[in-house]
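A.B. asks: Numbering (the numbering used here), first residue to last: 1 to 441. We put the beta carbon where it would ideally sit given N, CA and C, even for glycine. Bear in mind that the values here come from a model prediction, so they are computed numbers and not experimental data. I have a structure here, written as structure tokens, and I will follow up with some questions on it.
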């Protein structure tokens, strides 16, 4: 039996999930990560909701125009942009009203549902607690308390069960919600769930290693070179400061630390840390980065703590209970390409999250003991990830934006099936990395 040698670059949720799925299907997998640990970037502390419905909604919502956001929590474009950024944003906004919107939303919803199925199987396979909670309330936190009348119908067309819950039913299910300030209704999504992304990545790594995959940290990919025998990776080792070191930090002794090259049949790029050669590819120019924020705080009042996942539509904030903690995530913003990140500006965003969490669930979390996190994720103008082959033997699984937790496991299965020939090359064409990113007229 042929066991192809495959290198996976990037140890975030998507990369680790891809390594696991390839190893599960019999490939010889080696994963390389430039940082010294697992899920250190955008996968470290993202929102905990794994929701097909909210993932599909994000495709339509996207990044708000400057001055037109319905909520301070929506990702904002801002006025200070380069000409290249404005060109990208114009394409992005056109995609939000494009004729293909419903098709793209359905594709993302199906990918998220595939992820839900595979994470459920992972928990059973490992006999482990992934800190998952079944069901999500999509809260309509509006002045009139009216539910979205078309949402249930739309979800039913996509094969998802949903039902509207009035204020009494919602309060009975979630007694910690503040329904005094304004009436609340919610759409109950029993098929969705919330869980711990980083814990899941750690368990995925353990499962992949048991199947023979090897993981190497502090291994920076310098460049890729196509050879007759396959793809040659030129590597350099880094220490904790990012400086060149003398050895890698493998979890298994599969890597020859005396050399900096190894050849693979396939390479799968799963990281937004682009290479100089990679930047020359037209696809790389389509990406922009979103900065995401979250806070994780210990539970103060267990009787009133969330029993299910919550998504507040008006505040564009997700809330998930992860064991003894509550995680609130939102307040995304587009990263300027020509400006360095200013950490001093982050606290204003965190203050918005604290205020939103306290308004929705007053007194439930110990926010003074919260852990704050911010990280960046990559986004394509049409809101869909790139999953597939760029050229012979070179594959990508990236560009999931804010949906990496919702779509990562499903995308790993999709890519593995295509790479190993279990799906035709034109399957799931909505995610083709060579698709056109021009919305047309």
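Excluding the 5 residues flanking residue 2 on each side, which residues of the same chain have their C-beta closer than 6 Å to its C-beta?
C.D. replies: Closer than 6 Å at Cβ, skipping near neighbours: no residue.
A.B. asks: Using a Cβ distance threshold of 8 Å, determine whether the segment 280–297 contacts the segment 324–331, with at least three qualifying pairs required.
C.D. replies: The segment 280–297, when compared against the segment 324–331, does touch it at the 8 Å Cβ threshold.
A.B. asks: With DSSP as the reference, identify every bridge partner of residue 293, one or two as the case may be.
C.D. replies: DSSP, once it has assigned bridges, lists 330 and 374 as partnering residue 293.
A.B. asks: Please state whether DSSP places residue 309 in a helix, a strand or coil.
C.D. replies: Looking at residue 309 - three-state DSSP - the assignment turns out to be strand.
A.B. asks: Could you give the distance in angstroms between the alpha-carbon of residue 198 and the alpha-carbon of residue 39?
C.D. replies: Using only the alpha carbons, I get a separation of about 6 Å.
A.B. asks: Considering only DSSP beta bridges, list what residue 397 is partnered with.
C.D. replies: Residue 397 pairs with 387.
A.B. asks: Return helix, strand or coil for residue 54, following the three-state DSSP convention.
C.D. replies: Reduced to three states, the DSSP call for residue 54 is helix.
A.B. asks: Is residue 100 close to the ligand MG? I mean its beta-carbon at under 7 Å from any heavy atom of the ligand.
C.D. replies: Ligands displayed in this structure: none; no statement on the ligand MG is therefore possible.
A.B. asks: What are the boundary residues of the beta strand (DSSP E) that includes residue 190?
C.D. replies: Segment 185–194, the beta strand (DSSP E) holding residue 190.
A.B. asks: Are the CB atoms of residue 187 and residue 179 within a distance shorter than 8 Å?
C.D. replies: Going by C-beta atoms, residue 179 is not nearer than 8 Å to residue 187.
A.B. asks: If we count the other Cβ atoms within 10 Å of its Cβ and call it buried at 16 or more, is residue 185 buried or exposed?
C.D. replies: Flag for residue 185 reads buried.
A.B. asks: Provide the residue span of the beta strand (DSSP E) that contains residue 318, from first to last.
C.D. replies: Per DSSP, residue 318 belongs to the beta strand (DSSP E) from 317–322.
A.B. asks: Ignore the nearest five residues each way along the sequence and tell me which others in residue 160's own chain have a CB closer than 8 Å to its CB.
C.D. replies: The residues are 52, 53, 109, 113, 189 and 191.
A.B. asks: In the DSSP assignment, what are the bridge partners of residue 136?
C.D. replies: Partner(s): 189 and 309.
A.B. asks: Going by Cα to Cα distance, which pick from 182, 27, 169 and 158 is closest to residue 359?
C.D. replies: When each option's Cα is compared against that of residue 359, the closest is 182.
A.B. asks: For residue 435 and residue 292, what's the separation of their Cα atoms in angstroms?
C.D. replies: Straight-line Cα distance between these residues: approximately 27 Å.
A.B. asks: Using 8 Å for Cβ pairs, my map puts residue 395 next to residue 414. What's the rounded Cβ distance?
C.D. replies: Contact doesn't hold; Cβ gap of about 11 Å is too wide.
A.B. asks: How should residue 205 be labelled, buried or exposed, when 16 other C-beta atoms within 10 angstroms of its C-beta is the threshold for buried?
C.D. replies: With 16 or more Cβ atoms within 10 Å of its Cβ, residue 205 is classed as buried.
A.B. asks: Here's the rule: buried if 16 or more other CB atoms are within 10 angstroms of the residue's CB, otherwise exposed. What is residue 229?
C.D. replies: Under this definition residue 229 is an exposed residue.
A.B. asks: With residue 225 as the anchor, note down where its beta strand (DSSP E) starts and where it stops.
C.D. replies: Note, residue 225: beta strand (DSSP E), 219–227.
A.B. asks: Out of 355, 304, 95 and 117, which has the shortest C-alpha to C-alpha gap to residue 364?
C.D. replies: Answer by Cα proximity: 304.
A.B. asks: According to DSSP, which residues form a beta bridge with residue 7?
C.D. replies: Residue 7 is bridged to 30 and 267.
A.B. asks: Would you list the residues sitting across from residue 288 in a DSSP beta bridge?
C.D. replies: Looking at the DSSP assignment, residue 288 forms a beta bridge with 379.
A.B. asks: Which of helix, strand or coil does DSSP assign to residue 152?
C.D. replies: In the structure shown, residue 152 sits in a helix (DSSP, three-state: H, G or I).
A.B. asks: Hey, residue 6 and residue 266: beta-carbon distance below 8 Å or not?
C.D. replies: A contact, by the Cβ cut-off of 8 Å.
A.B. asks: Starting from residue 404, trace the alpha helix (DSSP H) both ways and give me its first and last residue.
C.D. replies: Taken as a continuous stretch (DSSP letters only), the alpha helix (DSSP H) holding residue 404 covers 404–419.
A.B. asks: Quick check on residue 117: does DSSP put it in helix, strand or coil?
C.D. replies: It is helical.
A.B. asks: Pull up the distance between the alpha-carbon of residue 306 and that of residue 154, whole angstroms please.
C.D. replies: Those two C-alpha atoms are separated by around 26 Å.
A.B. asks: Between residue 12 and residue 271, how many whole angstroms is the CB-CB distance? I'm expecting something under 8 Å.
C.D. replies: The Cβ separation is near 7 Å, so the contact holds.
A.B. asks: Please report the Cβ distance between residue 200 and residue 290, rounded to the nearest whole angstrom; I am assuming they are in contact, meaning their Cβ atoms lie under 8 Å.
C.D. replies: The pair is not a contact, with the Cβ atoms about 21 Å apart (cut-off 8 Å).
A.B. asks: Could you check which residue in 320, 432 and 402 has the C-alpha nearest to that of residue 137?
C.D. replies: Of the candidates 320, 432 and 402, the one whose C-alpha sits nearest the C-alpha of residue 137 is 320.
A.B. asks: If you drop the 5 nearest sequence neighbours on each side, which residues of the same chain put their C-beta closer than 7 Å to that of residue 286?
C.D. replies: 380, 381 and 437.
A.B. asks: Output the distance between the C-alpha atoms of residue 212 and residue 85, rounded to the nearest integer angstrom.
C.D. replies: Roughly 43 Å separates the two Cα atoms.
A.B. asks: If you pair each beta-carbon of the segment 398–409 with each one of the segment 345–361, do three or more pairs fall below 8 Å?
C.D. replies: Contact between the segment 398–409 and the segment 345–361 is absent, because fewer than three Cβ pairs lie under 8 Å.
A.B. asks: If we ignore side chains and look at the alpha-carbon of each, how far apart do residue 288 and residue 31 end up?
C.D. replies: Approximately 25 Å, taken between the alpha carbons.
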